[in-house]
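Here the working numbering is used: the first residue of the sequence shown is 2, the next is one more, and so on. Even for Gly, the Cβ is constructed at its ideal location relative to N, Cα and C.
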Amino acid sequence: MSQEPLTDGVTVTFNGVDLTKWLRISDVARNLGQNRQSQLVPIGRSPGKRFDYSKVSESTITIKGDANYDLVTMRRELASVLMTSEPQKLVISDEPDKYYMGIVEGQVLLTEEQFHAEATIVFTVPSGVTYSENISTASLNDSGQIAIDNRGSCSTWPVITATMKGENGLVGLVNDKGGVLQFGDAEEVDTVTKQKSEHALRIGYDSEPSDVVYNNVATSYPYYNGDTSKPNKQQGSFGYGIDPAAGSGAIPTFVNGSSGYWCGPSAYLPIKSNSAGKNTGNFIMKTRFYFATSKDQQGRLEIVLQSGNDMAFSCVIRDSSRSVDQLIVEFWVKGQNILQKSLDRKKFSNGMFRELKITKEGAKVTFQLAAVTDIKSGNTSVIRDAVIKNWTLSDANIAIDGFGFWCMRWQDTHHVIMDVTDTQFDWVNVPYIVDIPNYYQAGDVVTVDTGQRKVYVNGVLDNNLQRVGNDWDSFKLLPGLNIIEPVASSWAEMYDCTVTYREAWL
Numbered sequence: 002m003s004q005e006p007l008t009d010g011v012t013v014t015f016n017g018v019d020l021t022k023w024l025r026i027s028d029v030a031r032n033l034g035q036n037r038q039s040q041l042v043p044i045g046r047s048p049g050k051r052f053d054y055s056k057v058s059e060s061t062i063t064i065k066g067d068a069n070y071d072l073v074t075m076r077r078e079l080a081s082v083l084m085t086s087e088p089q090k091l092v093i094s095d096e097p098d099k100y101y102m103g104i105v106e107g108q109v110l111l112t113e114e115q116f117h118a119e120a121t122i123v124f125t126v127p128s129g130v131t132y133s134e135n136i137s138t139a140s141l142n143d144s145g146q147i148a149i150d151n152r153g154s155c156s157t158w159p160v161i162t163a164t165m166k167g168e169n170g171l172v173g174l175v176n177d178k179g180g181v182l183q184f185g186d187a188e189e190v191d192t193v194t195k196q197k198s199e200h201a202l203r204i205g206y207d208s209e210p211s212d213v214v215y216n217n218v219a220t221s222y223p224y225y226n227g228d229t230s231k232p233n234k235q236q237g238s239f240g241y242g243i244d245p246a247a248g249s250g251a252i253p254t255f256v257n258g259s260s261g262y263w264c265g266p267s268a269y270l271p272i273k274s275n276s277a278g279k280n281t282g283n284f285i286m287k288t289r290f291y292f293a294t295s296k297d298q299q300g301r302l303e304i305v306l307q308s309g310n311d312m313a314f315s316c317v318i319r320d321s322s323r324s325v326d327q328l329i330v331e332f333w334v335k336g337q338n339i340l341q342k343s344l345d346r347k348k349f350s351n352g353m354f355r356e357l358k359i360t361k362e363g364a365k366v367t368f369q370l371a372a373v374t375d376i377k378s379g380n381t382s383v384i385r386d387a388v389i390k391n392w393t394l395s396d397a398n399i400a401i402d403g404f405g406f407w408c409m410r411w412q413d414t415h416h417v418i419m420d421v422t423d424t425q426f427d428w429v430n431v432p433y434i435v436d437i438p439n440y441y442q443a444g445d446v447v448t449v450d451t452g453q454r455k456v457y458v459n460g461v462l463d464n465n466l467q468r469v470g471n472d473w474d475s476f477k478l479l480p481g482l483n484i485i486e487p488v489a490s491s492w493a494e495m496y497d498c499t500v501t502y503r504e505a506w507l
């Protein structure tokens, strides 16, 4: 069969393939406007009905064409192009700058007679509209607004992009219909302008940390059952590199033989003060670890934030039984056990990492232990089934100057497979710790997809920025002139803002 297009007039391209490779197009029926169905309501016994509303349905496009010779090859090749599982781009050459999203409806009618065939192809267009091939862009004008001239005959969803010029706490958008979208907190003012969050500790345990101290960590459990004659021992060492879950971590090596009670290696790392020379401020600590146990294994892992030689905050995850497959978490504050909880082993199964997060905001401390399902860009965990405990400190000025962890087994028995994979400790000098995701740095790009109702920061979906009450529906661009005005924090330099959109027609 000839590979030359059969082009005497109009051409039709579907899913990137020119159908005139097989068919000479003889007719294109696109109809006019949308497929509308009026919903009418009877009026008692009165004649006629009352109009209720008009429902817009899908539209159809019918393509007719004919072919000569080598019809078997044409039938097979054309079928492989047309039979898609979802709508694809449909372009008709008399409007090369526009396209439909269509899918073949029903059976393609093909009438064959000797060396001649006629085909009738019906495409369903679910949206019922035509889209522009080109993306239109509008930017900030001198008055601080974005004027969008939608020259299509249909409304369309814009994508709004904000690029930060400096620190900012709010990406707000107001339109000429009174609608508002807000991503961030307009009240983040005082400390945001004076102090940034500071990374005090960033350890991946691919190799031995330079300032690590072994086997001298403050603990919530120095003695077995509180008996001072039965000390639990910090002894052993760590290896660094590939861990049992094929990641990298600090992997404990236990001393051979029985120590008497709980024993194993510990590691301590100092935490430097913030740039103001203080170590009593707000903070976020995150540590990911691996802890896989079974019915005949025993083990404990304690993760500690220290104040001098004392334990300030601690989390213990343990399996203390040789006959039960259990996982128990404990949260401790200054020697006081504030939570002990048995974890659901179906939710906290082996083969996955866990993440401990401890935050302090003023006198409020929050513990969170969760299962990690994925690691996203920026080393951010995707978590589920979080165990959360809030606690109010009697003294909010507790100093934090060290981080440690202690891996333990019971005597010389079969121990839990465990290791610590990475640790982050940040001093936080903004009023509200929960608002950290809403705090933008210079160069950050925030993308608001109004059609999908999703917000991306530097290309990563950020569900923390969503707000109840955002007026998403009002941001659909109507035909004609639309105005959007961006808003930033009162203390921040206005970010660059552009609106992109694809015009559509009935």
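For the putative contact between E356 and V373, defined by C-beta atoms under 8 Å, what is the C-beta separation to the nearest angstrom? In the sequence shown, counting from the first residue as 1, residue 356 sits at position 355. In the sequence shown, counting from the first residue as 1, residue 373 sits at position 372. Going by Cβ atoms, the distance from E356 to V373 rounds to 5 Å, so yes, they are a contact pair.
Thinking C-beta only, is S249 closer than 8 Å to D212? As a working note, residue 212 is residue 211 in the sequence shown. As a working note, residue 249 is residue 248 in the sequence shown. D212 is not a Cβ neighbour of S249, given a cutoff of 8 Å.
Roughly how many angstroms separate the alpha carbons of T121 and G107, rounded to a whole number? Sequence index remark: in the sequence shown, residue 121 carries index 120 (1-based). Sequence index remark: in the sequence shown, residue 107 carries index 106 (1-based). T121 and G107: Cα-Cα distance of roughly 11 Å.
Leaving out five residues on either side along the sequence, give the residues of the same chain with a beta carbon under 7 Å from the beta carbon of G258. For the purposes of this step, residue 258 is taken as the residue at position 257 of the sequence shown. For G258, where only same-chain residues beyond five positions count, the Cβ hits under 7 Å are D413.
Can you tell me where the alpha helix (DSSP H) with S81 in it begins and where it stops? Along the sequence shown, one-based indexing puts residue 81 at 80. Counting along the chain, the unbroken alpha helix (DSSP H) around S81 starts and ends at 72-83.
Exposed or buried, what is N439 when buried is set at 16 or more other beta-carbons lying within 10 Å of its beta-carbon? Numbered from its first residue, the sequence shown carries residue 439 at position 438. Confidence is the limiting factor: at N439 the pLDDT is only 48, short of 50, which leaves the residue's position unreliable, though a coordinate-based value still follows. By the neighbour-count rule (16 or more Cβ atoms within 10 Å), N439 is buried.
So for D228, helix, strand or coil by DSSP? Counting from one through the sequence shown, the residue named residue 228 turns up at place 227. It is coil, neither helix nor strand.
Whole-angstrom Cβ separation of Y215 and S267, contact assumed at under 8 Å? Counted from its first residue, the sequence shown places residue 215 at position 214. Counted from its first residue, the sequence shown places residue 267 at position 266. The Cβ separation is near 7 Å, so the contact holds.
If distances are taken between C-alpha atoms only, which option among G403, A371, A148 comes closest to P271? As a first step, residue 271 is located in the sequence shown; it is residue number 270 there, counting from the start. With distances taken between Cα atoms, P271 lies closest to G403.
Which same chain residues, not among the five before or five after D436, have their C-beta less than 8 Å away from its C-beta? Your numbering for residue 436 matches position 435 in the sequence shown. Residue placement at D436 is poorly supported in this model, since its pLDDT is 43, which falls under 50; the coordinates still yield a value, given next. Here D436 has G170, G185, D186, E189 as same chain residues with Cβ atoms under 8 Å from its own Cβ, once five neighbours each way along the sequence are excluded.
Which residues bound the beta strand (DSSP E) around S322? Stepping through the sequence shown from its first residue, residue 322 is reached at position 321. S322 -> no beta strand (DSSP E), and no H or E assigned at all.
Going by DSSP, name the residue or residues bridged to G405. As a working note, residue 405 is residue 404 in the sequence shown. In the DSSP assignment, G405 forms a beta bridge with Y269, V305.
4 or more residues per run - each alpha helix (DSSP H) lying fully within the region 67-147: Entirely contained in the region 67-147, the alpha helix (DSSP H) runs reaching 4 residues are, in chain order, 72-83.
Whose C-beta lies closer than 8 Å to the C-beta of N338 among residues of the same chain, with five residues either side of it excluded? In the sequence shown, the residue the question calls residue 338 occupies position 337. For N338, where only same-chain residues beyond five positions count, the Cβ hits under 8 Å are S221, E331, F332.
For K56 and T37, the rounded distance between their alpha carbons: In the sequence shown, the residue the question calls residue 37 occupies position 36. In the sequence shown, the residue the question calls residue 56 occupies position 55. Per the sequence shown, residue 37 should be read as Arg rather than Thr. The straight-line gap from Cα to Cα measures roughly 6 Å.
Inter-residue Cα distance where the pair is I484 and Y101: Here residue 484 refers to the residue found at position 483 when the sequence shown is read from its first residue. Here residue 101 refers to the residue found at position 100 when the sequence shown is read from its first residue. The alpha-carbon separation between I484 and Y101 amounts to approximately 27 Å.
Please report whether the beta-carbon of L171 lies at a distance below 8 Å from any beta-carbon of chain B. No chain B appears in the structure shown, which is made up of a single protein chain.
A246 and F1 - do their beta-carbons sit closer together than 8 Å? The structure shown has nothing for residue 1, since the chain only spans 2 to 507.
Kindly indicate which three-state DSSP category S259 falls into: helix, strand or coil? Position 258 of the sequence shown, counting from 1, holds the residue named residue 259. Coil, per DSSP.
Where does Q307 land, buried or exposed, given buried means 16+ other C-beta within 10 angstroms? Taking the first residue of the sequence shown as 1, we reach residue 307 at position 306. A residue is called buried once 16 or more other Cβ atoms fall within 10 Å of its Cβ, and Q307 is buried on that count.
With distances taken Cα to Cα, identify the nearest neighbour of Y269 among N283, Y262, M312, Y291. Your numbering for residue 269 matches position 268 in the sequence shown. That would be M312, whose Cα lies nearest to the Cα of Y269.
Which residue from L394, V13, N16, P210 puts its Cα closest to that of G336? Counted from its first residue, the sequence shown places residue 336 at position 335. Ranking L394, V13, N16, P210 by CA distance to the CA of G336 puts L394 first.
With 16 as the cutoff for other CB atoms within 10 Å, does Y502 come out buried or exposed? Taking the first residue of the sequence shown as 1, we reach residue 502 at position 501. Buried: at least 16 other Cβ atoms inside 10 Å.
Using a Cβ-Cβ cut-off of 7 Å (strictly less than) and excluding sequence neighbours within five positions of E134, which residues of its own chain qualify? Translated into positions along the sequence shown, residue 134 becomes position 133. Once the five neighbours on either side are set aside, the close Cβ partners of E134 are D98, K99, Y100.
Just confirm the distance between the C-beta atoms of V500 and I147, as a whole number of angstroms; I'd bet it's less than 8 Å. The residue given as residue 500 occupies position 499 in the sequence shown. The residue given as residue 147 occupies position 146 in the sequence shown. With a contact defined as Cβ atoms closer than 8 Å, V500 and I147 qualify at about 5 Å.
Can you give me the C-alpha to C-alpha distance between S39 and K50, rounded to a whole angstrom? One-based indexing of the sequence shown puts residue 39 at position 38. One-based indexing of the sequence shown puts residue 50 at position 49. When rounded, the distance between both Cα atoms is 11 Å.
Please list, in chain order, all residues of the same chain as A505 whose beta carbon is under 6 Å from its beta carbon, the five residues on each side excluded. For the purposes of this step, residue 505 is taken as residue 504 along the sequence shown, with counting starting at 1. Cβ within range, chain order: V130, Y132, G153, C155, T157.
Through-space distance from V456 to N464, alpha-carbon basis: The count along the sequence shown starts at 1 and reaches residue 464 at position 463. The count along the sequence shown starts at 1 and reaches residue 456 at position 455. Each residue's Cα considered, the two are about 7 Å apart.
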